[in-house]
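Below is one structure, written out as structure tokens, with a few remarks after it.
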Amino acid sequence: MKNTNVTLITSNCAGGIIYHWTSNCAGGIIYHWLGLKFNSPFINLCLTNDDYIRALENFDDFINTPILECKTENVDYPVGIGWGGIKIYFMHYDTFENAYSKWKERIKRIHRENMCVWFTNWSGDESILERFDKLPFKNKIIFDLINYHLKIK
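Every letter in the sequence shown is one number past the one before it in the UniProt record's numbering, and letter 16, counting from 1, is 16.
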């Protein structure tokens with residue numbers, strides 16, 4: 001079964017290399033399952049639905065803007081602020097320096113043609129699904145608990 005999944009996921013990617021972008025830990029889990037190198041900066045972190053979509057809508061600005069440490073959040077893990085005030089919750093890192101170092105390392109591995117953008121709509125917000133559908137990426141997957149009967153491209 002694992003080999004079947006690898007074939008399905010990588011069959012449309014040059015050299016079989018995938019670059020998953022997810023708003024939560026799912027991307028890292030997929031990379032682990034498939035035994036792949038982390039080729040996305042979106043590993044071991046999460047963003048709110050709106051921030052994730054805004055980051056993808058403004059992809060080049062977002063990935064080219066340095067992330068600053070946010071010390072105002074009352075959480076026990078590092079938080080960063082990127083382009084447009086987008087908050088990145090590095091929930092599986094011990095320090096901001098470690099998280100940002102990994103982020104910068106993985107940004108260098110981005111290959112837009114092989115990006116697979118995943119979105120999990122935990123909020124049930126239908127308007128955010130329409131924004132996701134309009135994103136300029138050819139490989140998109142959405143997970144939702146509700147069947148909206150939307151016509152998705």
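Even for Gly, the Cβ is constructed at its ideal location relative to N, Cα and C.
Can you tell me where the alpha helix (DSSP H) with F96 in it begins and where it stops?
Counting from 1 along the sequence shown, the entry for residue 96 is found at position 96. Element bounds for F96: 96 to 107.
Where R112 and E73 are concerned, what is the direct C-alpha to C-alpha distance, given to the nearest angstrom?
Walking along the sequence shown from the start, residue 112 turns up at place 112. Walking along the sequence shown from the start, residue 73 turns up at place 73. Using only the alpha carbons, I get a separation of about 32 Å.
For a test of the three-state rule: what should DSSP assign to I81, helix, strand or coil?
Position 81 of the sequence shown, counted from the first residue, corresponds to residue 81. Three-state DSSP puts I81 in a strand.
Can you tell me which of P66, G35, K134, T120 puts its alpha carbon nearest to the alpha carbon of I142?
As a working mapping, residue 142 is identified with position 142 in the sequence shown. The shortest Cα separation from I142 among P66, G35, K134, T120 belongs to T120.
Looking at the secondary structure, which residues open and close the beta strand (DSSP E) in which Y89 lies?
Numbered from 1 along the sequence shown, position 89 holds the residue referred to as residue 89. Here the beta strand (DSSP E) through Y89 covers 87 to 89.
Among E97, I43, P41, R54, which has the Cα closest to the Cα of R131?
Here residue 131 is taken as the residue at index 131 of the sequence shown, counted from 1. R131 has its Cα closest to that of R54, out of E97, I43, P41, R54.
Give the secondary structure of F119 by DSSP, where H, G and I count as helix, E and B as strand, and everything else as coil.
Position 119 of the sequence shown, counted from the first residue, corresponds to residue 119. DSSP places F119 in strand when its eight states are reduced to three.
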